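The block underneath contains the structure these notes are about, expressed in C-alpha cells.
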Amino acid sequence: MIGIHAMTGAFLFGLVVPTGPVAAALVDRTEEFLVNLLLPVFYIHAGMRFNAQVLWSPDLPQNKWPAGWKPLPHEGFYLVLIIALASACKVLTGLLVSFFFSTPVSEGLTLGFLLSIRGPVEIMLLGVGYEKQILSAKVYNVLLLGVLVVTAIASPAALFTHRPPRRHVAYKRRNLQRSKPDGELRMVACVHTNRNVPSIISLLEISNPTKRSPIFVYALHLIELSGRASAMLIVHNPIQTKPGGHHHRRAGASRGGGGGGGGQQQSEQIITAFENYEQHAGGISIQPLTAVSPYSSMHEDICSIAEDRHAALIVLPFHKAHTVGGDLETINPGIQSVNQKVLAHAPCSVAILVDRGLGAGAGAAKYAGSRHAAHNVAVLFFGGPDDREALAYAWRMAEHPGVMLTVVRFLPGADAAGAQYSASPLSGARSSDASAPMAAAAAAVAEEDVERLLDDEFVNEFRLKNVGAETVVYAEKVVNNSEETVGAIRSMETIHDLYVVGRGHGRATPLTAGLAEWSECAELGPIGDLLASSDFKATASVLVVQQYIVHGFAGGASEQPAAPDSPRQSVLQYLSKANHRASRPAAAVDAGWNGAGYRS
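Under my numbering, residue 600 is the last one in the sequence shown; the count climbs by one each step, no gaps.
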C-alpha cells in the first residue's frame with residue numbers, strides 16, 4: 001500500500017522481537033506452519049515464474065547486433081560461466097584455508113560446498129529484482145536455474161566430503177572396569193538446571209576423589225537453543241584470584257554465538273557451585289563448559305566432548321524430578337530423548353542419575369574420615385557387562401569412608417535354569433535343516449557362558465579385595481522368576497539411599513523376564529525402571545549404568561586384548577588359581593548377613 005516491499009516488514013518484525021522467552025514462544029508456535037506450509041508455497045511460486053523458453057531466445061534480433069558480432073547459441077552462457085567460476089572459487093578458497101591452517105582437506109572441501117549452497121533468501125532477492133525490473137527475464141531465469149543446479153550439486157557433495165574421523169582408537173579405557181584403580185578418572189557431568197547440581201556434587205563426593213585416584217570432571221551445562229540464538233560451546237576459564245581475595249571468571253574459547261541472558265545467569269550460578277565444591281574438596285578438578293544447542297542435536301555435543309576429552313563416563317540427569325510428595329514428575333520430555341540418543345551414540349560408559357534426595361545429603365561430605373556411614377549404597381548384580389560396570393563404579397565408592405556398600409548378587413535357581421534351557425533354540429532343533437539356527441544358538445550359549453565366567457571372575461576379585469572390610473557386604477539371593485526378583489528388591493526398600501544397577505540392554509534373563517514389557521522408561525532398563533517407578537515406595541536415588549562395549553571383541557569392552565599396563569591378565573591368572581580359595585572367606589562375609597534376609 002505504501003510502496004515498501006514485504007521483505008521490509010518481515011525484516012523489521014525480526015528486529016523488534018526481543019531475545020528470550022518471547023522469541024522462543026514465537027518460534028514454537030509459528031515454525032511448523034511456516035516451514036511446512038508457507039515455505040513450500042513460496043518455492044512453488046518461484047518455480048511458476050520460471051520460463052525455460054526464455055533461455056533459448058536471443059536478447060537482440062540478428063539485425064541489431066553490432067558489426068562483427070554473432071549471437072551465441074545461448075546468451076546466458078556468460079551468466080552460467082560466472083556462476084560456475086564463483087562456486088569453484090569458493091571451493092578453492094576452502095582448500096587454501098585448509099592448507100594454510102593445517103586442517104584436513106575434507107573440511108576445506110566441505111566449507112567450500114557449504115558456501116556455494118543457496119536458499120530462500122537468494123531466491124527472494126532474485127524475485128525482488130525481477131519485480132523491480134532490475135533483472136531481465138533471461139537473467140532471472142538463468143540465475144534461478146543456477147541456484148537450483150548449484151544447490152543440487154553442493155548439498156550431496158558437502159555430505160559426502162564431511163566424514164568426521166573416528167578417534168575411538170586414541171584411548172582404550174572408555175569404561176570404569178578397564179580404568180586403572182590408581183589412575184585419573186575423567187567424567188562428563190551434565191546438568192540442565194540448578195536443581196541437578198546438588199545431586200551431581202553428592203555423586204562426585206561419594207565417588208571418592210583422592211590425590212592417588214583423582215577425578216577430572218567436565219561440568220557441562222546444557223541449554224536448549226531458542227529464539228534467534230545460534231548454537232555454541234563455551235569453555236570457561238578457571239577462576240582467577242584478584243588482589244584482596246576476590247574471584248572472577250571469564251569465558252574462554254567459544255563456538256558460535258548467541259544465547260539469552262537468563263541462560264547465562266543460570267550458567268554462572270551452576271559454574272559457581274561447582275567451583276566452590278572444587279575449592280573445598282580434594283582430589284577433584286572441574287572444567288566448566290556451556291553448550292547451547294537444540295535437543296535434537298544436543299547428544300552430539302555431549303558425545304563430542306566426551307570423546308575429545310577421553311572421558312570414561314558420562315553422567316546424565318533423569319528427565320523426571322523428585323516432588324515434595326515423593327513422586328517423580330516429568331520436567332522436560334526433550335531431556336528423555338537426549339538421554340536415549342546419548343546411550344545409543346556414546347563413546348564411553350553412560351550413567352543416568354535418578355535423584356530422589358541424594359543432593360539433600362550434600363553435607364554428608366563432612367563425614368569424610370568418620371566411621372559412620374553417610375550413604376548406604378546397594379548394587380543389584382544380575383550379570384552382564386552393564387552390571388560389571390555398575391559394580392566397578394560402586395567399588396570405587398566403597399573406598400570412601402562415609403559409604404556403606406552392599407552388593408547383592410541374584411543367582412538363578414533350578415526352575416530358572418530349566419526355563420532358560422527349555423527356551424533355548426537348541427532344544428527345538430531336530431532336523432538337519434536346522435543347522436543354521438543350531439549354530440546361532442550354540443554361539444549364543446557360548447557367549448552366555450563367557451559372560452557368566454566374566455561375572456564370576458569379576459565378583460570373585462571384588463570379594464577377595466574386600467575381605468575384612470567393615471563397610472562392604474556381599475550377599476547372594478537365589479530366585480527363579482521375575483516375581484521373586486521383585487519381592488527380593490522390595491524387601492530392601494527402606495535400607496539404602498542409592499541403588500547402582502546396570503541397564504542390562506541386549507541381555508535377556510529369566511530373573512527379569514516380563515519386567516521390560518511394563519517399563520515406562522526403557523533407557524533405565526527393567527531393574528532401573530522398577531526402582532524409579534511410583535510403585536517402588538522407597539525414596540532412594542538410582543544410578544543406572546551402561547558399559548561402553550567395543551564392537552568386534554567377544555564379551556564387550558572387557559574382552560579387548562589387555563594393554564601392557566592393564567592388570568587384567570594378572571587378575572585372570574590369579575583368580576584361576578584362587579577360585580577354590582574364594583569360597584571360604586566369602587562364606588565368612590555372607591554368614592553375618594544370613595539373618596538379614598539377603599541370603600536364601
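Yeah, the Cβ is synthetic: ideal placement off N, Cα and C, and Gly gets one too.
Remember, it's a predicted structure, so these values are computed and weren't measured experimentally.
Quick check: the Cα distance between residue i and residue j, rounded to an integer number of angstroms?
i    : j    : result
V17  : A25  : 11 Å
G528 : R503 : 7 Å
L37  : L498 : 50 Å
L126 : F11  : 17 Å
N196 : L316 : 9 Å
G183 : S519 : 37 Å
I215 : I284 : 5 Å
L380 : A281 : 29 Å
I44  : V54  : 19 Å
A446 : V27  : 54 Å
P40  : A219 : 42 Å
G119 : P156 : 15 Å
Y393 : I201 : 16 Å
P385 : E451 : 8 Å
H236 : T539 : 36 Å
R186 : L176 : 10 Å
L524 : L233 : 28 Å
R29  : V35  : 11 Å
G112 : S179 : 42 Å
A365 : D449 : Note that A365 scores a pLDDT of 43, beneath 50, so its modelled location is shaky; the value from the coordinates is reported in the next line. Cα to Cα, the separation comes out at about 41 Å.
I206 : E32  : 46 Å
C348 : Q547 : 7 Å
I4   : L159 : 39 Å
V22  : E224 : 14 Å
P333 : R356 : 18 Å
E484 : H505 : 21 Å
V545 : L96  : 46 Å
L426 : L328 : Only weak support exists for where L426 lies, its pLDDT of 41 falling under 50; the coordinates are left without a value.
M299 : L79  : This sequence places His at residue 299; Met is not what is there. Those two C-alpha atoms are separated by around 43 Å.
M124 : L15  : 19 Å
A312 : F101 : 31 Å
P288 : R163 : 29 Å
L203 : K211 : 18 Å
H496 : T151 : 60 Å
A6   : L114 : 28 Å
So, residue i versus residue j, is the Cβ gap smaller than 7 Å?
i    : j    : result
P302 : V342 : According to the sequence displayed, residue 302 carries Ile and not Pro. Cβ distance < 7 Å, so I302 and V342 count as in contact.
F50  : L144 : yes
F318 : V354 : yes
A488 : K477 : yes
L358 : S541 : yes
T161 : S87  : no
N481 : V472 : no
V407 : Y474 : yes
A154 : S116 : yes
L632 : A351 : The structure shown does not extend to residue 632, since the chain is modelled only from 1 through 600, so no value can be given for it.
L609 : P526 : Outside the modelled stretch of the chain, which goes from 1 to 600, sits residue 609, for which no answer is possible.
A346 : S293 : no
E131 : V147 : no
I335 : A321 : no
A290 : S267 : According to the sequence as given, residue 290 is Thr; it is not Ala. In this structure, S267 lies closer than 7 Å to T290 by Cβ.
N208 : R396 : yes
G633 : G129 : Summary: the structure shown does not reach residue 633, with the chain confined to residues 1 through 600, and so no result is reported for it.
N194 : Q269 : yes
Y602 : V338 : Residue 602 lies beyond the range of the chain shown here (1 to 600); nothing can be said about it.
Have a look at the DSSP bridge pairing and note the partners of residue i.
i    : result
G502 : V545
A378 : T406, Y499
V315 : A189, A351
V472 : L405
V321 : According to the sequence displayed, residue 321 carries Ala and not Val. Answer is E329.
K477 : F410
S285 : F216
Flag this pair as touching only if the segment 402-413 and the segment 533-540 have three or more C-beta atom pairs under 8 Å; answer yes or no. no
Below 8 Å, how does it come out for the segment 190-204 and the segment 129-141: are there three or more Cβ pairs, yes or no? Taking 8 Å as the limit for Cβ pairs, the verdict is that the segment 129-141 does not touch the segment 190-204.
Ignoring anything shorter than 3 residues, give me the beta strand (DSSP E) runs that lie fully in the segment 190-230, in order along the chain. 215-224
Kindly confirm or deny that the segment 454-464 and the segment 334-350 touch, where touching means at least three C-beta pairs closer than 8 Å. No, because fewer than three Cβ pairs between the segment 454-464 and the segment 334-350 fall closer than 8 Å, the two stretches do not touch.
Counting only runs that start and end within the segment 114-183, where is the alpha helix (DSSP H) found for 4 or more residues in a row? Assignment of alpha helix (DSSP H) within the segment 114-183, counting only whole runs of 4 or more residues, yields 120-131, 137-161 in chain order.
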